[in-house]
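Enquirer: Residue numbering for the sequence shown follows the numbering used here, starting at -12 and increasing by one per position. We treat Cβ as the ideally placed atom computed from N, Cα and C, and that holds for glycine. Computed from a predicted structure; not experimentally measured.
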Amino acid sequence: MWIHDKGIDGIYCEERVTDAQGRQHILSVKIADASRRAKREAQEALREKVEAYQAEQTAPDRMSLSAVADVYNKEQKATLRPSTCQRNSCTLRTIIGIVGDVDINSLTAGTIREKLLGTGKAAGTINQYIKRFKGFLRWAYQNDYLVSSDVYEKL
């Protein structure tokens, strides 16, 4: 927290925070009074502002892999052959079983790769899983379920 006493103009407090995408933002509070009590009030107001911002960043509007996969499968049924939909759906269920039904935005390429390799399945099978999962993640990114394309680009 940075505090600047502007003398007769009052107190200005600011703090840098990082959002879910890793971007930095500055939150600030300005109080016209320059007393010690006003300084404490400004610090407390800024602390509350930072806590509210952080709570907003971790809000439960995140979606699990299975919830996004359900939307993906419904959309695919309208645009692809039934055999392709079935294969993609089975592959996604298998991958969710391996990786876990986690928040889609908490995934990393390294974690996915590590868990898939840890299954002991043949290299060709793992490559098919990765190929279909990358397609799913690309779709999730293009439809605003995934906030960063890093996961599928690095996979």
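Pick out whichever of 122, -3 and 141 has its Cα sitting closest to the Cα of residue 21.
Expert: Selected option, being the one with the closest Cα: -3.
Enquirer: Please report the Cβ distance between residue 145 and residue 79, rounded to the nearest whole angstrom; I am assuming they are in contact, meaning their Cβ atoms lie under 8 Å.
Expert: The first residue shown for the chain is -12 and the last is 142, placing residue 145 beyond what the model contains.
Enquirer: Check the DSSP bridge columns for residue 143 and list the partner residues they point to.
Expert: One cannot answer for residue 143 here, as it falls past the ends of the chain, which runs -12 to 142.
Enquirer: Hey, how far is the Cα of residue 91 from the Cα of residue 51?
Expert: Rounded to the nearest angstrom, the two C-alpha atoms are 5 Å apart.
Enquirer: Could you give the residue range of the beta strand (DSSP E) that holds residue 14?
Expert: 11 to 18 is the span of the beta strand (DSSP E), which, as asked, contains residue 14.
Enquirer: Thinking C-beta only, is residue 83 closer than 7 Å to residue 116?
Expert: No, they are not a contact pair.
Enquirer: Would you list the residues sitting across from residue 125 in a DSSP beta bridge?
Expert: Note: residue 125 sits in no beta bridge, so no partner.
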